[in-house]
Every structure is written in C-alpha cells, then in structure tokens.
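Protein sequences appear in the order of chains A and B. Quick note: this note's numbering has the first sequence finishing at residue 320, numbered continuously throughout. Quick note: this note's numbering has the second sequence finishing at residue 830, numbered continuously throughout. From the three backbone atoms N, C-alpha and C, an ideal C-beta is built for every residue, glycine too. This structure is a prediction, so every number in the text was calculated from the model and none was measured. As structure tokens, the structure follows; a few thoughts come after it.
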Amino acid sequence: MFEILEKKCLNPTVTLMRIYAPRIAKKAEPGQFIILRTDESGERIPLTIADYDRENGSVTIIFQIVGATTEKLNHMNEGECLHDFVGPLGRATETDGLKKVAVVGGGVGCAIALPVAKKLHELGVEVHSIVGFRNKDLVILEDEFRAASSKFVLMSDDGSAGEKGLVTDALKKLIDSGEKYDRVITIGPLIMMKFVCKLTKEYDIPTVASMNPIMIDGTGMCGGCRLTVGGETKFACVDGPEFDGHLIDFDEAMARGAMYRQFERKAHEETCNLFREVK
Amino acid sequence: MADMTSKRNAMPVQEADVRNRNFSEVALGYTEEQAVAEANRCLNCKNKPCTSGCPVQIDIPAFIAEVAKGDFEAAYKVITKSSSLPAVCGRVCPQETQCESKCVRGIKGEPVAIGRIERFVADWHNANSTAALEKPAPNGHKAAVIGSGPSGLACAGDLAKMGYDVTVFEALHVAGGVLSYGIPEFRLPKTIVQKEIDGLRALGVKIETNTVVGKTVSVDELMQDEGFESVFIGSGAGLPRFMNIKGENLNGVYSANEFLTRINLMKAYREDSSTPIRAGAKAVIVGGGNVAMDAARCAKRLGADVTIVYRRTENELPARAEEVEHAKEEGIAFRFLTNPTEIKADEKGWSKSIVCQEMELSEPDASGRAKPVPKKDAFIELDADCIIMSIGTSPNPLIKSTTSGLDTQKWGGIIADEDGKTSKDGVYAGGDAVTGAATVILAMGAGKKAAAAMDRFMQGK
Ligand SMILES: Cc1cc2nc3c(=O)[nH]c(=O)nc-3n(C[C@H](O)[C@H](O)[C@H](O)COP(=O)(O)OP(=O)(O)OC[C@H]3O[C@@H](n4cnc5c(N)ncnc54)[C@H](O)[C@@H]3O)c2cc1C
Ligand SMILES: Cc1cc2nc3c(=O)[nH]c(=O)nc-3n(C[C@H](O)[C@H](O)[C@H](O)COP(=O)(O)OP(=O)(O)OC[C@H]3O[C@@H](n4cnc5c(N)ncnc54)[C@H](O)[C@@H]3O)c2cc1C
Ligand code: FES
Chain A
42 MFEILEKKCL NPTVTLMRIY APRIAKKAEP GQFIILRTDE SGERIPLTIA
92 DYDRENGSVT IIFQIVGATT EKLNHMNEGE CLHDFVGPLG RATETDGLKK
142 VAVVGGGVGC AIALPVAKKL HELGVEVHSI VGFRNKDLVI LEDEFRAASS
192 KFVLMSDDGS AGEKGLVTDA LKKLIDSGEK YDRVITIGPL IMMKFVCKLT
242 KEYDIPTVAS MNPIMIDGTG MCGGCRLTVG GETKFACVDG PEFDGHLIDF
292 DEAMARGAMY RQFERKAHEE TCNLFREVK
Chain B
370 MADMTSKRNA MPVQEADVRN RNFSEVALGY TEEQAVAEAN RCLNCKNKPC
420 TSGCPVQIDI PAFIAEVAKG DFEAAYKVIT KSSSLPAVCG RVCPQETQCE
470 SKCVRGIKGE PVAIGRIERF VADWHNANST AALEKPAPNG HKAAVIGSGP
520 SGLACAGDLA KMGYDVTVFE ALHVAGGVLS YGIPEFRLPK TIVQKEIDGL
570 RALGVKIETN TVVGKTVSVD ELMQDEGFES VFIGSGAGLP RFMNIKGENL
620 NGVYSANEFL TRINLMKAYR EDSSTPIRAG AKAVIVGGGN VAMDAARCAK
670 RLGADVTIVY RRTENELPAR AEEVEHAKEE GIAFRFLTNP TEIKADEKGW
720 SKSIVCQEME LSEPDASGRA KPVPKKDAFI ELDADCIIMS IGTSPNPLIK
770 STTSGLDTQK WGGIIADEDG KTSKDGVYAG GDAVTGAATV ILAMGAGKKA
820 AAAMDRFMQG K
C-alpha cells in the first residue's frame, strides 16, 4: 500500500506529501509524474514527481487544492494509504547539452519546475529561476529554488513578495540585459506559458513548456490528454508532458482544460460540504 | 430424437425502452428448462462441424449432450477443457461467424444457440458449484504475465494450475483488460470478470495492479533482477486511432476508449463516482464494430439521442449481430455509407456538428471486399455536441520500445509464432498485442497456447 509518510503544508492551498512507493522511487526522473486515486471511487489525477528518494523508497508530490480530489487528498494524513499510485509516467526532462537555462515557474507550477531546476543545477548547468505568485502568502519553495539557481527572481502580482509584475517582465529584462539562454523551460498556468512562449519566440530562444491536460490512464490508452503540437495530435501522457512551446496550440489546450468545469465546481462544493459536516 | 423446431429458444431480455435507460445486463440468460430445450435441438453430429468453427475447439456436441441430460457440472467440465472464460465467451463471442455458422440446423432454420447454452452452463456453475479450487503444489519456477485481459488471465490460470509461481502486472488499477474497461456492464457484468480474477487469486496468482511495464519496471528487469524465468506479454491493442480530420480535438470529441473507460473503469455513470462524463444531447458515433455499438448504447443510456455513422453498408458491420440488433431496438439510428470529413465548433470551442461525405461501394477487389469510395460533392451535416471516434486501436509501443531484442511488425504488433514465442528468449506474447484488435476467444486461446509453450521452455531449462 502507498502510505503517506509525511505531510507538510507549504501554504494555505499547497501541500507536500511523501509517499511510500519503492518501485516508482527507483525509476523516477525529473519531469515525470504519477497518477493517484485517494479511494475506491476516486478520480485518477496526475501529479508531478517533485522529488524522490531511491534509498528509502519514497516519492514526493506537491499539490494545490483546486477541486474535489485535491481537497480529499489534503484531508488524508500521515499513516493513511492512497488507494492507487502509479508511475513514473511520461518522459523525463531532456537536459543534454544545456549550459545556461532559464526556468520560469508560476504558482503551483513551481513545484513541477523545482526538480527540473535541481537536476540541471546538479549537472552543472547555469540555472536562472524566475518564479511568480499572486501574493506573498502563496510563495512556495523559495529556499529550495535559491539553492538550485545561480540567479533567482521572485515576482508577485501585487508586489507583496519580490518584485511587482509578471514572470514575463522579469524574463524580458534578463534577456534584454544580455543573458544568453540556450533554453527556457516554463511550467505554470497555461496562460502564463502561452505568454512566455510568445516572448521567447520573438527572441528565438528554444522553449519547452510542461503541459497538464486532463488525463485518465496516463499510458496512451484514452487520448483524453491530446494536444495539438505543430499541427499534429500528441498525447501528453506518453509523448510529453514537455513539448516545444513554440508549436503548442495553447488556446485549444485552454478550452480542453475547461471541459468539465461545471461538474468540477459542483463536485468541489459537495466535497467541501462533506468535510464541513464531518467536522 | 432431437427437437426439430426450426426456431431457437428466445433469449429473455430486458425490455428495450427500459434497458436503454439503465446499465444492468440486457440479456437475462436461459432458465434450466430453456437450456435443456435448446440443447435438445442439437443433432449431435459425428463430424462436429461446430467444433471446427470454434477458435479453441470446444467439444460442443459433448457439452450440449450433458446439458440435455441435465448434468450441468459435467457440461462445464467439458467446456473448461478448452476454454478458461466460458461465462465471458458465452456472452461476447461472435458465435454467428464461428460455431453457430457451421451448425447443420442453421441450413434450414436457426442454428442451435450454442453461445446461450454455454453462458447458461457457466452461470449455473458459478451459482451452484461448491467444488473448492485446489491450490496446486508449487513447482519452484517463477513466471510473469503482463496485462490482465483475456490472454493474460488465461495464460496465468494455466501456468498456476501447473504449479508455477505467477505474477500478473497490470497498468490500470483494476484487472480484466478490455473486459473491465471496455465492454460495458450491460453486456458483461463486472461481477463475472471479478469472479474469474478471484479464481486466479485462489490458485495463488499474484496480481500487481498499478504497474506499467516499461515504466515502473521493464521486461528485462523482471527477467534479470526479479527472477522471472519466462514472461508472457498480453498487453492488448489499446492505442486509439483518430481520423485526423479538422475539429477532432474540440471539446465533446472522445475516443471510444476514453468514453468507455470513463464509464466502465471509472463508473462515471454512477452518482458516487468522482469522474465526469458527458454524452451531450446529440451523440454521433463513428465506426461499426463492437466498440462503436458499446459506445452508442452507453451514450443512449446517458440520455443522448444517438446516431452511428459507418462508411460501408449494414452487411459489412463488423459488430456481433446481436449487438446491432439490440442497438436498433434501443432506438439508435444508423447512417450507412457515410464518412466524416470535418467537425465544426460552436463559439465556445465545443463540437456542434459533424460534416460527412456520402459514399458508395466499389466493385469487390481481388480479396472480395468492396471498398467505400466518396461520392463527389455529396455532403451532409449532422448536429452533434458529442462525437465518439471508434475507428480502431493499435498496440501500444511502450513495451516494444523498452524491451531489448523484441521484434515487432511495422504496425506495432509483436511478432510471435503459433505458440506465442517471440524473438526474445523466454518471452512469449499473444492476444491483441500480436494480432491487433481481435476477439476475446482468440486472445484467451493464445494465452493458453503460450502457457503450454512456456511450461516446455521452463522445464527444458
Ligand atoms: C502531467 C501533469 C502533472 C501535474 N502536476 C501537478 C502538480 O505537481 N501539482 C498540482 O497541484 N497539480 C498538478 N497537475 C494538475 C492536477 O492534476 C489537477 O490540479 C488535479 O487533477 C485537479 O483535480 P481536482 O479534482 O482537485 O480538481 P478539479 O475540480 O477536478 O479540476 C480543477 C482543474 O484541474 C484540471 N483537472 C481536473 N481533472 C484532471 C485530471 N484527471 N487530470 C489532469 N487535470 C485535471 C482541470 O483543468 C480543472 O480545471 C498536473 C497535471 C498533469 C497533467
Ligand atoms: C469496447 C470493446 C468491445 C468489445 N467487444 C467484443 C465482443 O463482443 N466480443 C469479442 O470477442 N471481443 C470484443 N472486443 C475485443 C476483445 O475485448 C479483445 O480482443 C480482447 O480483450 C483482447 O485481449 P488481450 O488479453 O489481448 O488484451 P486486453 O483485453 O486489451 O488487455 C490488455 C491489458 O494489458 C494492460 N497493459 C497494456 N500495456 C501494459 C503495460 N505496459 N504494463 C502492464 N499492463 C499493460 C492493459 O491495461 C490491459 O488491461 C471488444 C473490445 C472493445 C474495446
Ligand atoms: S491520459 Fe489517456 S492517453 Fe493520455
């Protein structure tokens, strides 16, 4: 069984959990993800492998509470077991030949970006991290990012943490100041990634975006996770989750991500009510 | 003397306009009296034409004779000499093109309802048999099975009965393969699949769900590090095909695999499931196989007005005849000689309609098959806020790309001989992973053959 070994609240809406899953810990690489179910009738949801420990067989996930399943997950505690936990899925981040990389993360996307930044840093790549949050209460993993980057820029929408502004402002400033990146890696809300890619396209800097469409099986069996990349249909779970950001049809991805919004809102409300009643 | 009535005993079913709103089983099964009466229609032909039509050569006249005598357990024993999944095959085999197509009674009237009798026998056994499964003495050898569809289940069962220590690795959280995630409850109740799986567990088979071979662990690692002497690959043909037409990635467009997985595996039709599903008001299903029929009938049960669009004619529909008949009774419309060319969107990015071109059949080619060819400038547009593509699947490339020395066909099928032996020593394969999308009985048969070959391989080592 997949026991929750550790649970830590990173901010009011973001939680870290370390899960016992030795087979997955043995194989995991940065950029890959798992799919879990909290209980017998639960939905399958994908979460990135934020960290792993091959020795003690644990896999770390960091998730934002956005709906019914993440709400349920957040109500589970150390010592309890997840019903299902499968992985590592997807392709690992490609790091070959990189010398200087800008990692641009937004919100909980920073949890997905951190293992990538760490791996690059360990490989001796010069990493500049630009991370953005709505306000200072939502900032996560700041120390971890600082440790993995030779340059670290913190941005917030309201200026309550770091500089006021968007991650694209910070990235543009660095590029204009003469920083030469051989790749930009961006992970965060679709709208943010869309604008990061638009910017880097202007400067002709190769850019990789990590996509998070709705998934079910995560093995290439359903096609629910499909995206259009360079005019071709790709399955994010097996061909990705990282793709050439300059070729992704972000508008289509945004529409697909909203496919079940009504159902999700209702399910989230119901779950919240349930937990309120229990209390 | 056989009962010479030309008509077979009708199968009791749920009323069409009741069942098209629920997910309970459609065909209710013969009573003892009906089974015996139908068995009495068998002429017990000496040359057993029906058996020659069965992909696993069940001794059909022998088991029917036992049913006629009322010895249902004896009938069950006859069937299980050749088949591991009679409760499943009795329900889903395309009998009309196999055993029943060879039945002598079919020349002047209707063939003996072999599938229905088989189903009765298996259900009777499951409900009444008290014989406890005996765990065989272990023979000290370890074998792995990848995939828990009919091929994997059959292979694991036979190996376990010979005393092997068998572990089945399954990518999904539930075992059963297509039997669990593809074929709907109203055609194949999941309790029946579960019963087969419980039976394997009772034989000592270990089933590790949530294990994607090629990701979580590789075939090479299973053999080198985990001590499995032989491996069977029964990973199916689960990769959905799309048509590559405009609008196919719009909201509201599903692959049949996704639609059926949400319903069957994730139980999205039930109130207590957290997984959403949406069949819309007007659903169009593209395709003509069993998968298309299942998707259509599920969409109907979720409240949609359903049309099946197929590019050939009714005569070429590859689905089981009974499913087509049931679909029609349930109020599903068919449009033949119609082929989609584009899906149009509404202003919010959802599918709104599907444009199709009318087709006509060409003269039959050398293989005798008539090809559908588009009629010039003959287009129709059908309203559709849900579109389900069921135009076929192919084997997933994952295992091939992560296993050293495993040869495959260009289209992805694993290359294996009659016994399932592949290009890699000790590795066997069967079912849809080898043949491409086929049938339950062929997959089951391939699993059994491979088990016998794996036994010879491991004993010869
Ligand atoms: C490869 C990948 C890696 C991810 N990594 C992380 C991560 O490390 N941390 C994190 O917080 N989130 C991550 N996500 C997003 C996470 O899966 C969703 O937030 C989660 O599924 C929401 O479930 P819910 O029931 O709580 O919310 P819901 O109310 O169901 O959904 C909220 C939003 O999440 C998305 N979503 C819903 N269901 C799914 C699903 N089955 N699969 C994917 N997205 C879905 C939808 O866009 C929806 O609008 C990742 C997604 C993918 C595809
Ligand atoms: C909707 C539908 C309806 C059908 N109706 C009929 C019918 O009426 N009659 C009939 O005879 N046939 C029917 N078929 C076809 C029949 O179900 C298949 O031919 C049969 O199930 C094939 O069996 P299999 O064991 O080869 O593979 P599958 O049943 O496909 O099972 C393969 C299993 O392997 C698992 N797997 C795949 N890759 C990996 C991996 N890397 N690691 C671990 N596990 C893996 C999969 O998750 C799956 O569980 C239907 C198929 C579908 C989809
Ligand atoms: S999640 Fe089903 S194919 Fe990607």
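Taking only the alpha-carbon atoms, compute the straight-line gap between residue i and residue j and give it to the nearest angstrom.
i: T134/A; j: Q73/A; result: 8 Å
i: M58/A; j: V149/A; result: 14 Å
i: A404/B; j: A506/B; result: 37 Å
i: R681/B; j: G782/B; result: 26 Å
i: L751/B; j: V622/B; result: 14 Å
i: P63/A; j: A822/B; result: 33 Å
i: M827/B; j: D794/B; result: 11 Å
i: M234/A; j: M592/B; result: 43 Å
i: A491/B; j: T400/B; result: 13 Å
i: V581/B; j: F601/B; result: 14 Å
i: H542/B; j: S736/B; result: 42 Å
i: L634/B; j: A625/B; result: 13 Å
List the endpoints of the continuous beta strand (DSSP E) containing residue i.
i: I228/A; result: 224–228
i: D534/B; result: 534–538
i: P87/A; result: 86–89
i: D94/A; result: 92–94
i: E750/B; result: 741–752
i: E729/B; result: 720–730
i: L51/A; result: 43–52
With the cut-off set at 8 Å, would you say residue i and residue j are in Cβ contact?
i: L240/A; j: L215/A; result: no
i: I760/B; j: G656/B; result: yes
i: A152/A; j: S643/B; result: no
i: K818/B; j: G800/B; result: no
i: A351/B; j: F703/B; result: Absent from the model: residue 351/B. The displayed extent of chain B is 370 to 830, so no value can be given.
i: G805/B; j: A523/B; result: no
i: E699/B; j: R647/B; result: no
i: N176/A; j: D198/A; result: yes
i: T312/A; j: N765/B; result: no
i: C458/B; j: E487/B; result: yes
Name, please, each residue of chain A whose Cβ falls closer than 9 Å to the Cβ of residue i.
i: R738/B; result: Per Cβ cutoff of 9 Å: no residues; R738/B is ~28 Å from chain A at best.
i: F884/B; result: The first residue shown for chain B is 370 and the last is 830, placing residue 884/B beyond what the model contains.
i: A540/B; result: V127, D258, G259, T260, M262
Determine the chain A residues that contact residue i at a beta-carbon separation under 7 Å, and present them in chain order.
i: G607/B; result: M262
i: K651/B; result: The premise fails here: K651/B is roughly 17 Å from chain A at the closest Cβ pair, so nothing lies under 7 Å.
i: G718/B; result: A296
Residue i versus chain B: which residues are under 9 Å apart at the beta carbon?
i: T110/A; result: S643
i: R175/A; result: Those within 9 Å of R175/A in chain B number zero; the least Cβ separation is about 26 Å.
Given that residue i touches chain B, what residues does it touch there, using C-beta distances under 7 Å?
i: E293/A; result: N618
i: A308/A; result: S643
i: M33/A; result: Because chain A in this structure spans residues 42 to 320, residue 33/A falls outside the shown range and cannot be described.
i: F74/A; result: Ordered by position in chain B, no residue passes the 7 Å Cβ test against F74/A, which lies about 11 Å from the chain.
i: F304/A; result: P645
Quick one: give me the first and last residue of the alpha helix (DSSP H) that residue i is part of.
i: E590/B; result: 588–593
i: R834/B; result: The shown model of chain B, from 370 to 830, leaves out residue 834/B, and the question about it has no answer.
i: A456/B; result: 455–461
i: L114/A; result: 109–115
i: P156/A; result: 150–163
i: N495/B; result: 483–497
So what does DSSP say about residue i, is it helix, strand or coil?
i: A513/B; result: strand
i: V543/B; result: coil
i: V653/B; result: strand
i: I246/A; result: coil
i: A396/B; result: strand
i: I552/B; result: coil
i: S451/B; result: helix
i: H124/A; result: coil
For a contact defined as C-beta to C-beta under 8 Å, what are the partners of residue i on chain A?
i: V586/B; result: R64, K68
i: S624/B; result: C263, G264, G265
i: L767/B; result: T260, G261, V279
i: T630/B; result: I257, D258, M262, C263
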